[in-house]
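If you read the protein sequences in the order shown, they are chains A and B. According to my numbering, the first sequence is numbered sequentially starting from 2. According to my numbering, the second sequence is numbered sequentially starting from 42. Ideal Cβ positions, reconstructed from N, Cα and C, are used throughout, including at glycine.
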Amino acid sequence: MNDQPKTQGFELLTFRVADQEYSLDIMSVREIRGWTRTTPMPHAPEFMRGVINLRGTVLPVMDLARRLNLPTRETSDRNVIIVVKINGTLTGLLVDAVSDIVAMTEDDLQPPPELSSDPHMSVVRALTVIDDRMIRVLDLSAVVPATADEAA
Amino acid sequence: MNDTNDPMAEIRASFFIECEELLEALQDGLQQMDDGSDDPETINIVFRAVHSIKGGAGAFGLEDLVRFAHRYETVLDEVRSGKLTADAEAMKVFFQAADHLSDLVRMCRDGQDIDPNGGDNLIAALNAFLGDTEEEEVTAEDFQPLGVMTLDLPDLDAPATPPEYEILFKPGQELFTTGNEPQTLLRNLAALGTAQVRCDRGDLPDLSSLAPETPYFSWNITLQAEVMEDEIREVFEFVDGLCELTITRLDDDTESPSALPDLPAVAEEPEPEPTPAAASVELAPEPAPPKPVAKPESSSDAAPPAKAAGPKSVVRVDLERIERLVNLVGELVINQAMLAQSLDQAGLSPHSDAMNGLEEFQRLTRDIQDSVMMIRAQPVKSLFQRMSRIVREASAAVKKDVRLITEGEATEVDKTVIERLADPLTHMIRNAVDHGLESTADRKEAGKETTGHVRLSAAHRSGRVIIEVSDDGGGINRDKVLGIAKSKGLVPQDASLTDGEIDNLLFLPGFSTASQVSDLSGRGVGMDVVKTSIQQLGGRIAITSERGKGTTFSISLPLTLAVLDGMVVNVAGETLVLPLNVVEETLSLGPEDVQMLRPGHNVVRVRGGFVPLYDLGIMLGYRGARDTLAGAIVLLISLEDGTRAALVIDGIQDQRQVVIKGLDDSFYRAPGIAAATILGDGQIALILDPADIIAAAGPMRHAELARPERKAVNE
Chain A
2 MNDQPKTQGF ELLTFRVADQ EYSLDIMSVR EIRGWTRTTP MPHAPEFMRG
52 VINLRGTVLP VMDLARRLNL PTRETSDRNV IIVVKINGTL TGLLVDAVSD
102 IVAMTEDDLQ PPPELSSDPH MSVVRALTVI DDRMIRVLDL SAVVPATADE
152 AA
Chain B
42 MNDTNDPMAE IRASFFIECE ELLEALQDGL QQMDDGSDDP ETINIVFRAV
92 HSIKGGAGAF GLEDLVRFAH RYETVLDEVR SGKLTADAEA MKVFFQAADH
142 LSDLVRMCRD GQDIDPNGGD NLIAALNAFL GDTEEEEVTA EDFQPLGVMT
192 LDLPDLDAPA TPPEYEILFK PGQELFTTGN EPQTLLRNLA ALGTAQVRCD
242 RGDLPDLSSL APETPYFSWN ITLQAEVMED EIREVFEFVD GLCELTITRL
292 DDDTESPSAL PDLPAVAEEP EPEPTPAAAS VELAPEPAPP KPVAKPESSS
342 DAAPPAKAAG PKSVVRVDLE RIERLVNLVG ELVINQAMLA QSLDQAGLSP
392 HSDAMNGLEE FQRLTRDIQD SVMMIRAQPV KSLFQRMSRI VREASAAVKK
442 DVRLITEGEA TEVDKTVIER LADPLTHMIR NAVDHGLEST ADRKEAGKET
492 TGHVRLSAAH RSGRVIIEVS DDGGGINRDK VLGIAKSKGL VPQDASLTDG
542 EIDNLLFLPG FSTASQVSDL SGRGVGMDVV KTSIQQLGGR IAITSERGKG
592 TTFSISLPLT LAVLDGMVVN VAGETLVLPL NVVEETLSLG PEDVQMLRPG
642 HNVVRVRGGF VPLYDLGIML GYRGARDTLA GAIVLLISLE DGTRAALVID
692 GIQDQRQVVI KGLDDSFYRA PGIAAATILG DGQIALILDP ADIIAAAGPM
742 RHAELARPER KAVNE
């Protein structure tokens with residue numbers, strides 16, 4: 002996703018989903034907004050929460066916990082939606098809370114151990130440690146599949 | 042706005058836009074001639090269209106275009122002068138020539154290579170009309186602005202019997218920017234009689250201050266000709282308003298002109314490039330221009346197309362700007378809904394000033410919106426004209442005699458709709474010619490007129506546009522259709538389908554009825570593609586057919602792709618919008634109204650008829666079945682094809698205009714969901730397509746057959 006040279010730093014936005022810590026390259030984040038009620042799309046996959054109005058455009062919102070097969074809980078006003086742009090389209094990711102922005106270099110990242118062919122593992126691009134906590138770096142393009150991938 | 046790079050390219054572009062209009066006028070005129078109009082004005086229009094294209098093409102050095110247009114024009118001139126009668130054979134060639142001309146224009150526009158021998162057959166056919174009068178070969182040079190003028194001035198010493206006119210002609214700035222050419226005008230003038238042309242170079246500034254694109258010359262012409270003043274004005278018809286023109290009749294021939302020496306000057310004149318002057322702002326001096334009366338006697342009688350004659354003032358606007366305006370109006374509508382909602386919540390009295398003002402505001406918004414939509418609306422005429430060409434080509438390819446009848450050409454539809462309708466319509470027309478109509482021999486056998494008819498009509502009906510393509514062919518051979526569907530495994534072998542269901546099999550992917558694949562249509566990609574494109578436009582397509590009488594495809598389209606009059610309803614706590622025009626009535630169900638047909642399928646009795654009942658909440662997966670249907674609110678839906686259905690909802694909120702926001706596939710759009718909109722409280726509501734919902738739930742097996750494939754895409 003990001004091909005910056007190793008020496009160059011970059012920043013990650015860390016957030017919590019179902020008591021686990023995840024992060025995203027901040028360059029793909031467009032904005033963070035509070036939870037608003039979504040309008041459900043009938044017959045959509047379970048992880049699609051529905052659509053919301055983002056200043057006049059219709060934004061699909063994905064429940065990240067469901068997408069990652071994590072236990073879900075009631076959504077409340079405390080939840081936030083991270084609006085990301087991937088492949089030219091905007092998508093909202095529903096998470097529990099946004100934690101921090103941390104500066105990184107590629108050296109701080111280590112590849113996730115190859116556990117299995119578990120498809121849900123492949124969305125984690127790398128692991129890193131901040132204050133003794135393990136942070137998972139998400140591969141956004143795997144999280145938000147292109148429609149063509151869906152058909153396959 | 043931002044591409045000020047090449048002024049020449051701009052003129053070129055505007056020339057091609059004009060060409061489109063001229064080609065349209067040409068088609069129009071030819072059609073009228075074909076319909077038996079012998080109004081001399083019609084052939085004049087046709088001739089002028091070709092002539093103008095030729096003139097413009099000459100200015101841009103488009104030699105192939107000039108060559109063909111010239112030959113075409115020559116033949117048309119023969120018709121115009123009455124030397125040639127435009128019989129059916131000639132008309133056929135004329136139509137083909139018009140098609141070829143528009144091809145050439147398109148190729149020139151796109152900068153494609155032109156096959157120099159491409160139009161040879163047509164030129165030969167055109168030449169055949171000219172008989173032995175062998176034409177001199179024209180070259181583009183004749184029309185190039187820098188060409189050396191050779192004025193054929195007849196004898197100066199002619200007896201002064203014809204009336205003499207003094208003509209003052211001073212080109213304005215726009216004359217050149219519109220691609221006109223004084224030289225041609227002067228030559229045409231000279232053709233009327235004896236002309237003495239004097240060029241007035243008094244205005245010519247020093248070379249240093251010369252703006253090359255500004256005309257400085259004016260001409261003083263003395264014309265001796267047996268003509269009326271109107272005829273002289275006709276010569277300047279194309280530059281009407283672009284120049285100063287004064288025509289005075291000299292009753293006594295005083296002026297003894299010594300004009301000839303000046304003539305070479307005209308030829309050597311550093312001809313201004315027909316380029317829009319970016320810098321020179323010298324506006325065309327038009328102090329009360331003596332507006333030539335536009336063909337007073339010729340157009341007043343009969344009924345020539347008023348459009349061609351009536352000079353309507355038209356502004357060309359970048360589509361993007363309109364697009365922006367449409368979007369802004371959309372926002373306005375949403376904002377107005379929000380305002381209405383908050384005023385309502387504030388508990389204002391409906392008679393308060395604020396509420397009255399809001400009402401006025403709503404009315405204005407609607408007016409603005411209608412006006413904006415009108416900007417985008419275009420008559421379907423251009424589309425239909427393209428179709429007449431398709432019919433000509435298709436009928437020639439399959440050797441059938443086909444006549445296209447068009448109706449409702451003036452029906453206006455959103456521009457985007459027109460653009461995106463071209464492909465499906467082409468396909469349908471080809472289908473009608475190829476499959477719909479029988480061969481000439483079969484028609485004879487069936488006792489029909491040998492000429493097949495394809496009818497293309499457009500009309501507004503209850504807020505939608507209905508476009509119909511019908512033929513008077515053999516109708517759908519249902520046995521054959523069913524047989525093919527079975528053999529292809531599209532329906533089970535033991536299926537028994539109603540006629541309507543069989544007809545609809547044609548829309549299944551991979552269905553082609555023609556036993557022989559012809560060049561024209563029937564490649565397996567067929568009506569299903571048409572159906573998909575129509576659906577993408579928010580439209581629907583229906584088919585009716587009668588054995589031996591013909592087949593009709595009927596397309597129903599929304600007038601606009603931007604705004605919808607909707608009924609806002611509640612289902613299981615969600616807000617949904619249904620197009621208002623399909624809602625026939627609303628009912629509150631009584632305990633006796635609902636009857637079970639079989640488990641899970643209910644019908645509701647509406648004034649003696651039974652209408653299938655669907656629960657929207659269940660169908661959209663919002664909730665389970667209600668405990669009782671008694672007391673539920675039901676919308677009675679009636680579709681264009683006559684299908685009726687009752688939809689159970691939980692409540693009706695409002696009836697209002699909503700702005701359509703498209704949903705693409707990344708939204709996991711399910712069948713039945715047409716689009717979304719933003720409500721007054723900022724929430725998003727889904728817009729339903731009732732026809733799609735009913736089809737998805739309905740008993741029509743073929744609809745379900747087509748569905749698994751779609752599911753695979755969605756999941």
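*My guess is that residue 124(A) and residue 143(A) are in contact by the Cβ rule of under 8 Å, so how many angstroms apart are they, rounded?*
Reading the first sequence from its first residue, position 123 is the one you call residue 124(A). Reading the first sequence from its first residue, position 142 is the one you call residue 143(A). With 8 Å as the limit, residue 124(A) and residue 143(A) qualify as a contact, their Cβ atoms being about 4 Å apart.
*What span of residues does the beta strand (DSSP E) with residue 113(B) cover, start to end?*
Counting from 1 along the second sequence, the entry for residue 113(B) is found at position 72. It is not in any beta strand (DSSP E) - residue 113(B) instead sits in the alpha helix (DSSP H) that spans 104 to 121.
*When Cβ atoms are compared, which residues of the region 361 to 390 of chain B fall closer than 9 Å to chain A?*
Within the region 361 to 390 of chain B, the residues whose Cβ lies closer than 9 Å to any Cβ of chain A are, in chain order, 368, 371, 372 and 375.
*Own chain partners of residue 291(B) with C-beta closer than 7 Å, once the 5 adjacent residues on each side are dropped*: Locating residue 291(B) in the second sequence gives position 250, where the first residue counts as 1. Cβ within range, chain order: 205, 206 and 207.
*Cα-Cα, which of 75(B), 469(B), 506(B) and 424(B) is closest to residue 459(B)?*
By 1-based counting over the second sequence, the position of residue 459(B) is 418. When each option's Cα is compared against that of residue 459(B), the closest is 424(B).
*Taking three-plus beta-carbon pairs below 8 Å as touching, is the region 660 to 669 of chain B in contact with the region 28 to 44 of chain A?*
Between the region 660 to 669 of chain B and the region 28 to 44 of chain A there are three or more inter-stretch CB-CB distances shorter than 8 Å, so the stretches are counted as touching.
*How many Å lie between residue 462(B) and residue 75(B) at the Cα?*
Taking the second sequence and counting its residues from 1, one reaches residue 462(B) at position 421. Taking the second sequence and counting its residues from 1, one reaches residue 75(B) at position 34. A direct Cα-Cα distance of roughly 26 Å separates residue 462(B) from residue 75(B).
_Outcome for residue 247(B) when other beta-carbon atoms lying within 10 angstroms are tallied against a minimum of 16_ = Translated into positions along the second sequence, residue 247(B) becomes position 206. Taking all protein chains in view, the Cβ of residue 247(B) is surrounded by fewer than 16 other Cβ atoms within 10 Å, so the residue is classified as exposed.
*DSSP on residue 181(B), reduced to helix/strand/coil?*
If you number the second sequence from 1, residue 181(B) lands on position 140. With a pLDDT of only 41 at residue 181(B), under 50, the local geometry of the prediction cannot be trusted, and the value read off the model is given with reservation. In the structure shown, residue 181(B) sits in a helix (DSSP, three-state: H, G or I).
*Using 8 Å as the Cβ pair cut-off and three pairs as the minimum, do the region 515 to 528 of chain B and the region 464 to 475 of chain B touch?*
No, they do not touch.
*Inter-residue CB distance, residue 666(B) and residue 675(B) (contact presumed, cutoff 8 Å)*: Walking along the second sequence from the start, residue 666(B) turns up at place 625. Walking along the second sequence from the start, residue 675(B) turns up at place 634. No, residue 666(B) and residue 675(B) are not in contact; Cβ-Cβ is about 15 Å, not under 8 Å.
*Answer with yes or no whether the minimum CB distance from residue 54(A) to chain B is below 8 Å.*
Residue numbering aside, residue 54(A) sits at position 53 when the first sequence is read from its first letter. At least one CB atom of chain B sits nearer than 8 Å to the CB of residue 54(A).
*asked:* Taking DSSP's pairing of strands, which residues face residue 210(B) in a bridge?
replied: Locating residue 210(B) in the second sequence gives position 169, where the first residue counts as 1. 260(B) and 286(B).
*Taking residue 489(B) as the query, report the chain A residues whose CB atoms sit under 8 Å from its CB, ordered along the chain.*
Translated into positions along the second sequence, residue 489(B) becomes position 448. What residue 489(B) touches in chain A: nothing, since even the nearest Cβ is about 47 Å away.
*Of all the residues that make up the region 719 to 738 of chain B, which are near chain A by a beta-carbon distance shorter than 8 Å?*
The region 719 to 738 of chain B vs chain A, Cβ under 8 Å: 719, 723, 724, 725, 726 and 727.
*Looking only at its own chain, which residues have a Cβ that is under 7 Å from the Cβ of residue 166(B), when we skip the five neighbours before and after it?*
Counting from 1 along the second sequence, the entry for residue 166(B) is found at position 125. Closer than 7 Å at Cβ, skipping near neighbours: 134.
*asked:* Quick check on residue 89(A) - is its C-beta less than 8 Å from some C-beta in chain B?
replied: For the purposes of this step, residue 89(A) is taken as residue 88 along the first sequence, with counting starting at 1. Taking 8 Å as the threshold, the shortest C-beta distance from residue 89(A) to chain B does not fall below it.
*Tell me residue 696(B)'s beta-bridge partners as DSSP assigns them.*
Sequence index remark: in the second sequence, residue 696(B) carries index 655 (1-based). Residue 696(B) is bridged to 608(B).
*From residue 73(A) to residue 397(B), what does the alpha carbon distance come to, in whole angstroms?*
What you label residue 73(A) is simply residue 72 of the first sequence in a count that begins at 1. What you label residue 397(B) is simply residue 356 of the second sequence in a count that begins at 1. Straight across, the Cα-Cα distance linking residue 73(A) with residue 397(B) is about 48 Å.
*Find out if the Cβ-Cβ distance for the pair residue 698(B), residue 609(B) is shorter than 8 Å.*
Start at 1 with the first residue of the second sequence, and residue 698(B) comes out as number 657. Start at 1 with the first residue of the second sequence, and residue 609(B) comes out as number 568. Between residue 698(B) and residue 609(B), the C-beta gap is not smaller than 8 Å, which leaves the two residues out of contact.
*Quick one: is residue 63(A) near chain B, going by C-beta distance under 8 Å?*
In the first sequence, the residue the question calls residue 63(A) occupies position 62. Using a Cβ-Cβ cut-off of 8 Å, residue 63(A) does not count as an interface residue toward chain B, since no Cβ of chain B sits closer than that to its own.
*Take residue 137(B) and list the residues in its own chain whose beta-carbon comes closer than 8 Å to its own, dropping the five residues that flank it on each side.*
Looking up residue 137(B) in the second sequence gives position 96. Excluding five sequence positions before and after residue 137(B), the CB atoms of its chain that fall closer than 8 Å to its own CB belong to 163, 166 and 433, given in chain order.
*asked:* Quick test of the definition: if touching needs 3 or more C-beta pairs under 8 Å, does the region 725 to 736 of chain B touch the region 84 to 100 of chain A?
replied: Inter-segment contact for the region 725 to 736 of chain B and the region 84 to 100 of chain A is absent: fewer than three beta-carbon pairs are separated by less than 8 Å.
*List, in order along the chain, the chain A residues whose C-beta lies closer than 7 Å to that of residue 661(B)?*
Sequence index remark: in the second sequence, residue 661(B) carries index 620 (1-based). Near residue 661(B) (Cβ distances below 7 Å), the residues of chain A are 43.
*Please confirm if the region 474 to 481 of chain B is in contact with the region 440 to 448 of chain B, defined as three or more CB-CB distances below 8 Å between the two stretches.*
The answer is yes - the region 440 to 448 of chain B touches the region 474 to 481 of chain B, with three or more Cβ pairs under 8 Å.
*Beta carbon of residue 221(B), beta carbon of residue 276(B): below 8 Å?*
Your numbering for residue 221(B) matches position 180 in the second sequence. Your numbering for residue 276(B) matches position 235 in the second sequence. It is not a contact, given that the beta carbons lie outside the stated cut-off.
*Where the beta strand (DSSP E) through residue 101(A) begins and ends*: Locating residue 101(A) in the first sequence gives position 100, counting from the first residue. Boundaries of the beta strand (DSSP E) around residue 101(A): 98 to 106.
*How about residue 93(B): is its Cβ closer than 7 Å to a heavy atom in the ligand GTP?*
This structure lacks the ligand GTP, and indeed carries no ligand of any kind.
*Which value, in whole angstroms, describes the spacing of the CA atoms of residue 93(B) and residue 237(B)?*
Residue numbering aside, residue 93(B) sits at position 52 when the second sequence is read from its first letter. Residue numbering aside, residue 237(B) sits at position 196 when the second sequence is read from its first letter. In this structure, the CA atom of residue 93(B) is about 26 Å from the CA atom of residue 237(B).
_Distance cutoff 8 Å, beta carbons only. Does residue 135(A) sit that close to anything in chain B?_
Translated into positions along the first sequence, residue 135(A) becomes position 134. For residue 135(A), no Cβ of chain B is located within less than 8 Å of the residue's own Cβ.
*Expressed to the nearest angstrom, what Euclidean distance is found between the alpha-carbon atoms of residue 123(B) and residue 435(B)?*
As a first step, residue 123(B) must be located in the second sequence, where it is residue number 82. As a first step, residue 435(B) must be located in the second sequence, where it is residue number 394. It is roughly 32 Å from the alpha-carbon of residue 123(B) to the alpha-carbon of residue 435(B).
*asked:* Using CA atoms only, rank isn't needed, just tell me which of 100(A), 47(A) and 29(A) is closest to residue 20(A).
replied: To locate residue 20(A), count along the first sequence from 1; it is residue 19. For residue 20(A), the nearest C-alpha among the options comes from 100(A).
*Which one or two residues does DSSP pair with residue 587(B) in a beta bridge?*
Along the second sequence, read from residue 1 onward, the residue named residue 587(B) stands at position 546. For residue 587(B), which the question treats as bridged, DSSP gives the partners 591(B).
*Near-chain A residues of the region 573 to 602 of chain B - C-beta to any C-beta below 7 Å*: From the region 573 to 602 of chain B, no residue has a Cβ closer than 7 Å to chain A.
*In whole angstroms, what separates the C-alpha of residue 65(A) from that of residue 95(A)?*
What you label residue 65(A) is simply residue 64 of the first sequence in a count that begins at 1. What you label residue 95(A) is simply residue 94 of the first sequence in a count that begins at 1. Residue 65(A) and residue 95(A): Cα-Cα distance of roughly 6 Å.
*What residues are listed by DSSP as bridge partners for residue 582(B)?*
As a first step, residue 582(B) must be located in the second sequence, where it is residue number 541. Note: residue 582(B) is bridge-paired with 596(B) in the DSSP secondary-structure output.
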